[in-house]
Every structure is written in structure tokens, then in C-alpha cells.
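For reference, the structure discussed in these notes is given below.
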Amino acid sequence: MQILFIISEVEDIIKTGGLADVGKALPLALAELGHEVRIVMPYYRQVADTFDLSDASIQQVLHVNNRSYNYRVKQLSLDNVPVYLIDHEYFSQSSTPYTDTLMANNAQKFSLFSLCAVCASHELGFKPDIVHVNDWHTSMVPYFLKSDYFQRNDLLSDPQWYTDAKVVISVHNAAFQGIEGLDQVGVLDHIDASKVYNHNGYLNMLKTGILYADITCPVSPSYARELFTELGSHGVNDVISRAGDSVIGVLNGCDYSQWDPSTDPMIPSNFSADDIKGKAKCKAALQAENNLPRSSKIPVFGMVCRATRQKGFDYLLPILEDMLSHNVQLIIMGTGDSRITSELTRIAATHPEKMAFVEDFLPEMAHMIEAGSDFFLMPSEFEPCGLNQMYSLAYGTLPIVRKVGGLADTIIDIKEPNGNGFVFDEPTGTALVNCIRRAIILFLEDKTAFDDIKQRAMSIRFTWHAAAEEYIRVYKR
């Protein structure tokens with residue numbers, strides 16, 4: 001198949017979050033399965049400052065609504081997969097990928113990007129069988145392709161170019177939907193408001209994309225089920241319900257080339273399920289790095305995440321003092337909500353021999369926390385897929401998770417056969433602290449079982465190859 005993969009960021013080119021991991025790993029895995037893939041993304045100023053790229057085509061001009069939009073298409077190769085980058089001033093002259101409103105608001109920027117992406121593929125002669133878009137940034141693509149937009153605006157020399165193409169939209173986080181006043185969306189200013197998701201004069205880009213896509217793929221099966229519910233859908237359950245059985249959850253993979261304790265260059269001692277001795281050295285180094293007493297007999301809990309409500313801080317913060325009343329150590333790294341970070345700073349200062357808080361994101365420290373901790377906290381309020389629980393399993397660091405989204409699809413409580421972590425259900429501090437206490441008891445009272453579960457965890461893999469095969473089944477459907 002010929003697959004046009006449209007996304008807002010790609011690892012090794014530009015990354016602000018986990019979306020970039022997918023932007024690199026999934027297209028490469030699809031190509032390895034024998035399919036012809038083209039990636040399209042914006043040409044951000046940060047990319048221009050890093051890469052000296054040549055043009056893939058001469059300057060293109062879109063005439064829409066009595067306005068002209070000039071853009072170029074840059075190109076590079078990512079492990080032999082062509083990447084086309086849309087070069088327009090909305091991106092190349094904005095200081096940040098998403099939030100800079102001096103040039104244009106997000107809806108203007110990414111609606112234009114979506115339109116340029118499909119026009120560029122046409123101009124470059126790549127006729128896709130599948131157009132795969134990702135999150136709200138690219139969710140106007142289904143509208144452009146499946147409505148009468150191109151017919152009304154005469155933008156393609158071959159108006160039948162996309163007639164047979166099918167559109168898949170991956171929903172990585174439905175909490176972000178791209179909402180903007182219909183009079184503030186640039187290339188969409190003149191649209192028929194009845195043909196997009198319009199709520200009181202406001203365009204919802206993600207909901208529009210779901211309405212027009214042939215298949216919607218939330219990034220885990222459990223998250224797909226949650227999106228049908230009022231409580232777990234972030235408000236998109238109305239369009240998800242209309243999509244019905246064309247909603248198919250596909251679990252993300254994990255890039256084990258970067259997260260493998262046997263080869264990881266960022267940790268002080270490598271180890272594996274067959275020879276786990278190096279993990280103890282990593283634990284000692286992690287304790288020393290964070291000015292905590294070095295002891296193999298104290299369970300270390302790690303956490304690396306954005307300091308946001310989504311990550312469960314509403315019920316984690318109230319029980320931290322209770323948790324730290326036990327003989328434990330806790331290391332948290334992250335940035336975000338100042339209310340959360342200031343409270344973490346206060347609690348860490350009150351318990352300097354038990355807790356360290358790193359208000360930053362340092363890749364080496366993230367790897368150290370995964371390698372040196374005994375347990376990893378992910379008590380998320382919601383988690384579409386999650387990656388840290390996959391990293392934790394690979395490093396023999398048992399996850400403590402709430403049973404939501406991708407966490408529910410990857411972590412099995414140790415009370416069950418083949419258990420690999422600790423799972424709680426209710427989003428309360430009581431449920432969380434009880435789960436933490438179960439972990440402490442296992443660590444202190446049953447070393448044999450603890451070691452067995454660690455080895456089992458380290459044998460589990462969630463590969464991008466498997467994810468790509470599942471997407472191929474979706475495409476064929």
C-alpha cells in the first residue's frame with residue numbers, strides 16, 4: 001500500500017512529546033513491512049535552524065477565499081522513508097510549534113498545514129491508498145478529502161486524485177481538540193458551518209476529523225472503550241458514538257532501541273533478565289545522585305511525568321506524607337503546573353532523606369530513574385496509551401498504575417496469573433496508598449516473588465512491528 005502519514009512532529013527532527021515517537025516509529029515499521037510510506041510535517045523554525053534542507057518542489061500557491069498562500073516543500077530522509085516538510089511562514093517564523101499566536105493561532109496554522117500536506121502529495125505525484133492523520137493538528141485532512149472542499153475550491157489539477165483514498169485518524173489524546181472561532185481559521189473562513197463540527201460558532205477540529213474519517217484509532221483498546229463514555233471521553237463521545245464500530249483501538253509500541261537496560265548508555269551499569277546484578281548498581285547510583293541514603297533494603301519509587309492533573313496528582317499529593325511515613329524513598333522528575341511543583345518542592349524539603357524532586361526533564365535522569373527504581377508510579381487520571389509503564393517493565397521496575405487506557409492494556413496486577421505490576425481502580429488517594437503498601441510488603445517480605453515478577457516483566461515486549469501489523473489490518477478493512 002501507499003501510505004501518506006501526516007503528523008505535527010517526528011522524533012529525531014523535532015519533539016515536544018510522545019506524539020513524535022509515533023511519528024518516527026510507526027512509519028518506519030510500516031515501511032519495514034514492505035509498504036511505501038511518505039511522512040508530511042511542518043517545517044518549524046527549530047527544524048530550519050537544525051537542518052539545511054533542499055526543496056522537494058518549486059514554490060506552490062494556494063488560492064483560497066480571495067487569499068493566496070505561498071509555501072514550499074522541503075525534504076529529508078528518515079531511515080530511507082521520505083519526509084516532506086511544509087515550509088510556510090506560520091511555522092518557519094513562529095518561535096514555538098504550537099503556542100505562538102503572533103503569526104497565526106493554532107487553528108489557522110494547522111488547518112493550512114493540513115491543506116498544504118494533501119496538496120503537496122498531489123503535486124509530488126504520491127497517490128496514497130491510505131491517508132493516516134494524527135490528533136487535532138491534522139484532523140482537518142479528513143474534512144478536506146471527504147467533503148466537497150476541493151471541488152468548490154479547484155485546488156487540484158486532478159480532482160480525482162484522492163477519490164479512492166481511505167482516511168484513518170489516530171487519537172493520541174482527546175483532551176486536546178483544537179477549538180477556535182469559525183471566523184478565525186484562515187483557509188476555512190468561508191466554509192459551510194454545517195459541514196464541520198460547529199458548536200455555537202466554534203470549530204472543533206478533532207471532532208470534525210472523527211466525523212469524516214473512515215476509521216478512528218484511539219491508541220489503546222481500553223482508551224477506545226473509554227471514549228464512548230461521557231466520563232472518559234473528554235466530551236468527544238457524541239462523535240465517537242456516531243462512528244460506532246469504525247472505532248478501533250490500536251496499542252502503541254515501544255522503541256526498545258532506546259530503552260533496553262542491556263545496552264542503555266545512560267545508566268551506570270547494564271543488566272538484563274538473565275543477569276540483573278547491574279540493577280542494584282543503578283539503584284545505588286540513583287540514590288547518590290539525588291542525595292538519598294544508599295541502601296538496597298529500602299524500596300525506591302520513581303516517577304517521571306508532566307506535573308499535571310492528568311497524571312494523578314490530585315490524589316497523589318494528599319497521600320505523599322502518608323507514603324513517606326513508611327521506610328521508602330521517592331524520586332519524582334517533571335515540570336508543569338506550579339501548584340503541583342511547589343507542593344512537591346515543599347514535601348521534598350520536609351523529607352530530604354526520603355524524597356527528591358527534580359523540577360526539570362533530563363533524559364539521563366529519566367533513564368536512571370527507570371533503571372534504579374524498584375517501582376514506578378503512574379496513577380493517571382487518564383492515560384490514552386502511556387510509554388513509561390512499558391519502559392519500566394523492560395527495566396524490571398514494577399509499575400503502579402491506575403486501571404485506565406493503555407495502562408489497563410499493559411499492566412496485570414500481581415494477584416493475577418502472569419502479573420507484572422500493581423493496579424488500582426478508583427481515582428482516590430486511599431486506593432493509591434493501599435496499592436503502594438502492597439508493593440512495599442512484596443519488596444520487604446517476599447524477595448523471591450519480587451525477583452520472579454521482575455524477570456517476568458523484563459521479558460514482555462510491546463513492539464512497533466506488532467502495532468504496525470495491527471494498523472495494516474485496519475487499513476485493509
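Residues in the sequence shown are numbered from 1 upward in steps of one, following the UniProt record's numbering. Glycine is no exception: its CB is placed at the ideal position from the N, C-alpha and C atoms.
Backbone CA spacing between residue i and residue j [nearest angstrom]
i: S77; j: V83; result: 6 angstroms
i: I319; j: T341; result: 15 angstroms
i: P27; j: A165; result: 18 angstroms
i: E460; j: Q310; result: Before going on, a small fix: residue 460 reads as Ile here, not Glu. Taking the straight line joining both Cα atoms gives about 26 angstroms.
i: S139; j: P379; result: 29 angstroms
i: P417; j: S194; result: 52 angstroms
i: S419; j: S373; result: A quick correction: the sequence has Gly, not Ser, at residue 419. Taking the straight line joining both Cα atoms gives about 19 angstroms.
i: R456; j: M390; result: 13 angstroms
i: S233; j: S269; result: 42 angstroms
i: Q60; j: F376; result: 49 angstroms
i: V10; j: N134; result: 12 angstroms
i: D274; j: V73; result: 49 angstroms
i: E36; j: H326; result: 55 angstroms
i: A120; j: W464; result: 28 angstroms
i: V328; j: S295; result: 10 angstroms
i: R67; j: K127; result: 27 angstroms
i: I369; j: Y395; result: 10 angstroms
i: residue 484; j: E89; result: Within the shown structure, residues of the chain are numbered from 1 to 477, placing residue 484 beyond reach of any answer.
i: T308; j: F110; result: 25 angstroms
i: A31; j: A468; result: 9 angstroms
i: A175; j: Y162; result: 30 angstroms
i: L53; j: Q75; result: 6 angstroms
i: V81; j: G405; result: 31 angstroms
i: I472; j: K403; result: 28 angstroms
i: L71; j: H63; result: The question names Leu, yet the displayed sequence has Tyr at residue 71. If you take the alpha carbons of Y71 and H63, they lie about 12 angstroms apart.
i: P261; j: Q46; result: 31 angstroms
Top-ranked residue by Cα proximity to residue i, from the options
i: G312; options: D264, R456, P427 and L115; result: P427
i: N65; options: R152, V239 and W136; result: R152
i: S222; options: A243, P384, L362 and S57; result: P384
i: residue 537; options: T16, R309, D129 and D314; result: Examination of residue 537 is not possible in this model, given that the chain is present from 1 through 477 alone.
i: A348; options: K297, P363, N291 and H367; result: N291
i: P293; options: H351, D337, M323 and L317; result: H351
i: Y475; options: F91, L145 and I169; result: I169
i: L324; options: V300, S338, T308 and G336; result: V300
i: D322; options: H172, G429 and Q160; result: G429
i: L362; options: H88, M266 and L19; result: M266
i: F113; options: I7, L231 and L442; result: I7
i: K447; options: S262, L387 and I298; result: I298
i: F443; options: F422, D238 and F176; result: F422
i: R38; options: L4, A439 and L145; result: L4
i: Y149; options: V196, N237 and E180; result: V196
i: A466; options: Q2, A20, A25 and L19; result: A25
i: G181; options: V167, T397, D192 and H199; result: H199
i: V239; options: T263, L231 and L206; result: L206
i: I130; options: Q2, E381 and G406; result: Q2
i: K146; options: T263, S338, L115 and A29; result: L115
i: L316; options: T397, I441 and A431; result: A431
i: S95; options: E381, D49 and I58; result: D49
i: L124; options: Y71, A56, D21 and D337; result: A56
i: A29; options: I441, F382, N252 and V47; result: N252
i: L407; options: T397, D425, G386 and F424; result: G386
Cβ separation of residue i and residue j, assumed to be a contact under 8 angstroms, to the nearest whole Å
i: C305; j: A371; result: About 17 angstroms; that fails the 8 angstroms criterion.
i: A243; j: T216; result: 5 angstroms
i: I411; j: P399; result: 5 angstroms
i: V185; j: L203; result: 6 angstroms
i: G178; j: A104; result: Contact flag wrong, Cβ pair sits at about 13 angstroms.
i: L393; j: M458; result: 7 angstroms
i: V171; j: V250; result: That belief does not hold up - the Cβ atoms of V171 and V250 are roughly 10 angstroms apart, past 8 angstroms.
i: E359; j: T345; result: 7 angstroms
i: V118; j: F91; result: Incorrect: roughly 17 angstroms between the Cβ atoms, too far for contact.
i: I86; j: P142; result: That pair is no contact at about 18 angstroms.
i: H122; j: D158; result: 7 angstroms
Next on the checklist: Quick check for students: name the residue ranges of the beta strand (DSSP E) that lie wholly in the region 215-299, counting only runs of 3 or more.
Outcome noted: Runs of the beta strand (DSSP E) inside the region 215-299: 215-218.
Checklist entry - Is the region 355-375 touching the region 319-338, taking contact as three or more C-beta pairs under 8 angstroms? => result With contact defined as three or more Cβ pairs closer than 8 angstroms, the region 355-375 and the region 319-338 are in contact.
Next on the checklist: When you compare the region 248-258 with the region 280-300, are there three or more beta-carbon pairs, one atom per stretch, that lie closer than 8 angstroms?
Outcome noted: At 8 angstroms Cβ cutoff, the stretches do not touch.
Checklist entry - Where in the region 124-182 do unbroken runs of the alpha helix (DSSP H), each at least 4 residues long, occur, reported from the N-terminal end onward? => result You should have 140-146 and 149-153.
Next on the checklist: Closer than 8 angstroms is the cut-off here; do at least three beta carbon pairs connect the region 429-448 with the region 224-235?
Outcome noted: Inter-segment contact for the region 429-448 and the region 224-235 is absent: fewer than three beta-carbon pairs are separated by less than 8 angstroms.
Next on the checklist: For the structure I just gave you, are there three or more beta carbon pairs, one from the region 3-22 and one from the region 446-453, closer than 8 angstroms?
Outcome noted: Output reads no: the region 446-453 does not touch the region 3-22.
Checklist entry - Taking the runs of the alpha helix (DSSP H) that are 4 residues or longer, which of them lie wholly in the region 95-125? => result Runs found: 106-123.
Checklist entry - Curious, which full-length beta strand (DSSP E) runs of at least 3 residues does the region 49-99 contain? => result For the beta strand (DSSP E) assignment, the uninterrupted runs of no fewer than 3 residues enclosed by the region 49-99 are, from N- to C-terminal side, 60-64, 67-78 and 81-87.
Checklist entry - Can you give, in chain order, each stretch of the alpha helix (DSSP H) that sits fully within the region 361-390 and has at least 4 residues? => result Those alpha helix (DSSP H) runs which fall completely within the region 361-390 and span 4+ residues are 363-372.
Checklist entry - Can you list, in chain order, the stretches of the alpha helix (DSSP H) that have 4 or more residues and sit fully within the region 310-335? => result As far as the region 310-335 is concerned, its whole alpha helix (DSSP H) runs of at least 4 residues are 313-316 and 320-324.
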